[in-house]
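66 is the number of the first residue of the sequence shown in our numbering; add one for each residue after it. Backbone N, C-alpha and C define an ideal beta-carbon position, used for all residues, glycine too. Quantities reported herein were computed from a predicted structural model and do not represent experimental measurements. These notes concern the structure reproduced below.
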Amino acid sequence: MLPTILLASASPRRAEVLDSLGFPLCVEAMDIDESVADELPVGERVQRLAELKAAAAHERAWTGSGAKPRWILAADTLVSLNDRVFAKAEDRAEAGAMLSALAGTTHQVYSGLALIDGVSGAVNSIASCTDVRFAPLSTKEIEAYLDSGEWRGVAGAYRIQERAAFFVERIEGSFSGVVGLPLREFYVILGQAAYPL
Numbered sequence: 066m067l068p069t070i071l072l073a074s075a076s077p078r079r080a081e082v083l084d085s086l087g088f089p090l091c092v093e094a095m096d097i098d099e100s101v102a103d104e105l106p107v108g109e110r111v112q113r114l115a116e117l118k119a120a121a122a123h124e125r126a127w128t129g130s131g132a133k134p135r136w137i138l139a140a141d142t143l144v145s146l147n148d149r150v151f152a153k154a155e156d157r158a159e160a161g162a163m164l165s166a167l168a169g170t171t172h173q174v175y176s177g178l179a180l181i182d183g184v185s186g187a188v189n190s191i192a193s194c195t196d197v198r199f200a201p202l203s204t205k206e207i208e209a210y211l212d213s214g215e216w217r218g219v220a221g222a223y224r225i226q227e228r229a230a231f232f233v234e235r236i237e238g239s240f241s242g243v244v245g246l247p248l249r250e251f252y253v254i255l256g257q258a259a260y261p262l
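Structural data, given as structure tokens:
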């Protein structure tokens, strides 16, 4: 049986992906001050934010009286269009503005991962970048998508694995990275950390 991973993420999608691959999980979302990485290029930013979330989870777990997880994984995802960064939309209006901006364009989805060995404290981190091309979208299409509520809680205000798949003309890179957990990169850092697969 694979060793348990503490997933420092509020994303149910990340937990679902890991669970489907047979990784035993415990989940604990981490709130950190994400503004500390605002000045970094987007690829470095998501990687740094993942490192900070993993470090916060490691510190909380290892200074508390509960179980001491050996493996702590965190992730962060951002969408970028022409140097404009889209995190999670605060409300429907902001989500609509994001979708309008992304419509008919090729944008980038960056996902960063960090894995901490809780015993040694060693950190392995990595980031992926995927190009996503959206078809032009009508106001009616955007409003219907907003009505679905899928825009809530995700970078760029869309979920590629759900109804937003209808908008995608082309993807170049990691589909799982757009979902928020780039699996090739995850496999790479598992190997770097000597996680026993």
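- Does the count of Cβ pairs from the stretch 145 to 159 and the stretch 228 to 237 closer than 8 Å reach three? no
- Query: Any idea which residues DSSP pairs Thr195 with across the strands?
  - Reply: Val174
- Over the uninterrupted alpha helix (DSSP H) stretch that includes Phe151, give me the two end residues. Unbroken run through Phe151 is the beta strand (DSSP E), 149 to 151; no alpha helix (DSSP H).
- As assigned by DSSP and simplified to three states, the class of Ser190: strand
- Query: Is the stretch 131 to 140 touching the stretch 195 to 215 in the sense that three or more CB pairs, one from each, lie closer than 8 Å?
  - Reply: no
- Task: For Ala139, collect the residues of the same chain with a Cβ closer than 7 Å to its Cβ; drop the 5 residues on either side in sequence, then sort them by chain order.
- Result: Ala73, Ser74, Met95, Ala115, Lys118, Ala119, Ala122, Ala179
- Task: Could you round the C-beta distance between Gly87 and Leu67 to whole angstroms and report it? I think they count as a contact, below 8 Å.
- Result: 6 Å
- Query: Going by other Cβ atoms of all chains shown within 10 Å of its Cβ, with 16 needed for buried, is Thr128 buried or exposed?
  - Reply: exposed
- Item | Residue environment, Arg235, which counts as buried when at least 16 other CB atoms sit within 10 Å | exposed
- Do three or more CB pairs link the stretch 183 to 191 to the stretch 157 to 174 at distances below 8 Å? no
- Query: Apart from the five residues on each side of it in sequence, which residues of its chain come closer than 7 Å, Cβ to Cβ, to Val253?
  - Reply: Ile191
- Query: Going straight from the alpha carbon of His172 to that of Ser145, what length do you get?
  - Reply: 6 Å
- Query: When the distance is taken between beta carbons, is Pro247 closer than 8 Å to Ser193?
  - Reply: yes
- Message: So, for Phe251: in the same chain, excluding its five sequence neighbours on each side, which residues have a beta-carbon less than 7 Å away from its beta-carbon?
- Response: Leu178
- Task: Starting from Arg235, follow its DSSP beta bridges and name the residues at the other end.
- Result: Arg198
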